[in-house]
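Below you'll find the structure, written out as structure tokens, and then a few comments.
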Amino acid sequence: MATMIIEGDRTKAASGKTYEVRNPATGEVVDEVPAGSAPDVDKAAQAASKAFATWSKLPANKRAEILHKAAQHMLGKVEQIAPILTKEQGKTLLESRIEAQRFGENIAWFADLADKVHGQHVRLPDLTTYGLVIRKPIGVCGAIVPWNFPLTLAANKVAPAIAAGNTVVLKPASTTPLSTLACIEALLEGGLPEGVVNVVLGQATGEAIVSHPLIRKIALTGSTPTGKKVMARAAEGLKKVTLELGGSDPCIVLDDADIEGAAKAISIGRFFNCGQACLAVKRLYVQEGVYDALLEKLVARASKLKPGNGLEKDSRMGPMHTDTQRAEVEAQIKDAVEGGARVVYGGGRPKGPEYDKGWFIEPTILENVPDGARMWTEEVFGPALPIRRIKDLDEGLRLANDSQYGLGSSIWTTNMAAAHRGVQELEAGYTWVNALQIAHDELPFGGTKQSGFGKEHGVEAYLQYTEEKSVVYGGI
Ligand code: NAD
1169 MATMIIEGDR
1179 TKAASGKTYE
1189 VRNPATGEVV
1199 DEVPAGSAPD
1209 VDKAAQAASK
1219 AFATWSKLPA
1229 NKRAEILHKA
1239 AQHMLGKVEQ
1249 IAPILTKEQG
1259 KTLLESRIEA
1269 QRFGENIAWF
1279 ADLADKVHGQ
1289 HVRLPDLTTY
1299 GLVIRKPIGV
1309 CGAIVPWNFP
1319 LTLAANKVAP
1329 AIAAGNTVVL
1339 KPASTTPLST
1349 LACIEALLEG
1359 GLPEGVVNVV
1369 LGQATGEAIV
1379 SHPLIRKIAL
1389 TGSTPTGKKV
1399 MARAAEGLKK
1409 VTLELGGSDP
1419 CIVLDDADIE
1429 GAAKAISIGR
1439 FFNCGQACLA
1449 VKRLYVQEGV
1459 YDALLEKLVA
1469 RASKLKPGNG
1479 LEKDSRMGPM
1489 HTDTQRAEVE
1499 AQIKDAVEGG
1509 ARVVYGGGRP
1519 KGPEYDKGWF
1529 IEPTILENVP
1539 DGARMWTEEV
1549 FGPALPIRRI
1559 KDLDEGLRLA
1569 NDSQYGLGSS
1579 IWTTNMAAAH
1589 RGVQELEAGY
1599 TWVNALQIAH
1609 DELPFGGTKQ
1619 SGFGKEHGVE
1629 AYLQYTEEKS
1639 VVYGGI
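Now the structure itself:
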């Protein structure tokens, strides 16, 4: 049975309660897990607070050295961790390997910053004084993670937090705790001091983290409704929050675009991780001249995405993570079809005994989806893509921005002026021009509008795990 990680303890829930983690491809139980609650979070917060006293005072280059060693050790275990992720989440082994690798790389990327980000010297009018702006870690940080990219999204929070000298109470989604435990355990084996990262498990631990008085900052990746609840609760304790929430990324393809490149990026962007990604091409607007050709290429690519158990070599798309998630996407497709949409590819569940016990769905492409349909107005968190003809860039930009969300966006064109307009006018925290929607370590990532605020990745993320303090030195 899995246990929580609280300082040196590998512990059950204080209540003794447990729950089962099941494989989305087979329905089989993968492991039994403690169902933690407020007393467990309290223990973890106390442990993190104790560890903060020493971790925050280490010389920054020493902290960097420890983190690099721990990351290298964890990276040596990618092949062991990847199947755990596939079994609990459903994604293919290739996707799990990439994700586990990204976890270790992210820790190393932020370790590099630990001794390189500094404060400022400020001249003051009175020359017998001078000012400094110093950066200090915040304290104990809470990290709350969803199930779609359990490792990447945990690393996005843990890596900058601990590199900057903070300590963490981490809560994976209740359905995907096991690969996270394996990654943190590997960091600890690699020399990360106990208590610096503590892992609590179970649905109830989320709210307990947000309300705990010792926890000073909350970073959440999750849905927009959860983000609103977390922000309201965090306000009671005047805590800092970073909210990476839902998205419905538009992609505009103009007549002069490289449609081969666009088709590849859109197909990966929509169907990677069985479409369960915050950053994903979720609404596609294509100019008339290339519409038919692009649609044909997208269908050809979708037809190669064989659904299957992620552990099997020939599977190109795993199942959806839960029955509820699949039902939601199916309802969104049904709503579009009832409004007159045409299913160009997929639209149902794959058939065969190997699919009977899992939450499988076909990659799906629809056209003529009516205005106001759920696929345009809501986040589609699964492998279904609505595609729409546009006359020109003006129409594309108008439709792209007609969304409550503002996470990612992309534009495909060889016209510099059109690309520039896309960059300036698309209402999103990220715009890719003729490029695959990948969140790079080097660039700050985060949303606008109902997609949240605050940044992960980049120096900006590191800075958000520090507080500035002004100092005046006098008497000189
Ligand atoms: P969710 O909001 O249901 O849960 C996310 C996490 O928050 C889980 O660990 C959950 O237990 C916890 N949680 C739920 N209610 C809470 C509360 N009241 N207080 C504290 N914690 C609480 O989301 P999900 O279904 O796990 O994930 C899918 C959603 O995440 C989608 O909307 C997706 O777009 C979003 N997402 C966003 C990004 C991004 O970077 N913007 C990345 C991935 C996923």
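Read left to right, the sequence shown gives residues 1169 to 1644 (the numbering used here). Idealized CB from N, CA, C, for every residue including glycine.
Residue i (DSSP reduced to helix, strand or coil)
i: W1527; result: coil
i: K1408; result: strand
i: K1339; result: strand
i: Q1605; result: coil
i: P1220; result: Rather than Pro, the amino acid found at residue 1220 in this sequence is Phe. Helix at F1220.
i: S1578; result: strand
i: E1200; result: strand
i: L1321; result: helix
i: E1522; result: helix
i: E1624; result: strand
i: G1395; result: helix
i: R1566; result: helix
Spatial neighbours of residue i in its chain, beta-carbon cut-off 8 Å, leaving aside the 5 residues before and after
i: K1128; result: Because the chain here runs from 1169 to 1644, residue 1128 falls outside it and cannot be looked at.
Nearest residue (CA-CA) to residue i, options the options
i: Y1482; options: E1256, G1614, G1622 and L1261; result: Here the sequence assigns Asp to residue 1482, which means Tyr is not the residue at that position. Among E1256, G1614, G1622 and L1261, the Cα nearest to that of D1482 is on L1261.
i: P1314; options: I1377, A1341, K1407 and S1224; result: A1341
i: E1563; options: L1346, F1549 and R1589; result: R1589
i: D1539; options: G1507, A1607, G1643 and G1486; result: G1507
i: K1474; options: V1505, K1519, P1207 and E1464; result: K1519
i: P1192; options: V1640, E1530, R1494 and V1505; result: R1494
i: A1425; options: A1587, G1272, G1363 and A1282; result: A1587
i: V1627; options: S1379, Q1618 and P1328; result: P1328
i: G1333; options: T1320, V1365 and S1347; result: V1365
i: L1631; options: R1517, F1278 and T1296; result: F1278
i: V1512; options: L1466, V1548 and I1529; result: L1466
i: S1183; options: P1551, P1202 and M1172; result: P1202
i: D1570; options: W1544, V1398 and I1579; result: W1544
i: N1536; options: H1489, K1339 and L1463; result: L1463
i: L1382; options: G1370, A1250, D1210 and L1565; result: D1210
i: G1390; options: T1634, V1640, Q1269 and Q1618; result: Q1618
Sheet register partners of residue i (DSSP bridge)
i: S1435; result: In DSSP, S1435 forms no bridge with anything.
i: C1442; result: Partner(s): none; C1442 has no beta bridge.
i: E1635; result: K1304
i: M1485; result: P1475
i: M1172; result: T1179
i: V1421; result: V1454 and W1580
i: Y1459; result: Answer is none; Y1459 lacks a bridge partner.
i: W1315; result: DSSP, once it has assigned bridges, lists no residue as partnering W1315.
i: P1160; result: A question about residue 1160 goes unanswered here, because the residues of the chain that appear run from 1169 up to 1644.
i: V1467; result: Partner(s): none; V1467 has no beta bridge.
i: R1589; result: Paired residue(s): none; R1589 is not in a bridge.
Same chain only: Cβ atoms within 6 Å of residue i, ignoring 5 sequence neighbours per side
i: A1372; result: S1205
i: G1198; result: The sequence as given places Val at residue 1198; Gly does not occur at that position. Closer than 6 Å at Cβ, skipping near neighbours: V1189, N1191, K1255 and E1256.
i: A1552; result: V1497, I1501 and T1532
i: L1561; result: A1586
i: E1362; result: E1175 and G1176
i: G1165; result: This structure cannot settle anything about residue 1165, because the visible part of the chain is limited to 1169 through 1644.
i: K1245; result: A1354
i: K1185; result: A1203
Residue i Cβ short of 8 Å to the ligand MN heavy atom set
i: F1549; result: In the structure on display, the ligand MN does not appear, and the ligands it does have are the ligand NAD.
Neighbourhood of residue i by C-beta, 7 Å cutoff - its chain only, sequence neighbours within 5 removed
i: L1447; result: G1415, D1417, L1575, G1576, Q1605 and A1607
| Sequence ranges, beta strand (DSSP E) only - wholly within the segment 1349-1392, length at least 3 | Unbroken beta strand (DSSP E) runs of no fewer than 3 residues, entirely contained in the segment 1349-1392, are found at 1365-1367 and 1383-1389, following chain order.
| said: For a minimum of 3 consecutive residues, which ranges assigned as the beta strand (DSSP E) are wholly contained in the segment 1212-1293? | reply: Entirely contained in the segment 1212-1293, the beta strand (DSSP E) runs reaching 3 residues are, in chain order, 1288-1291.
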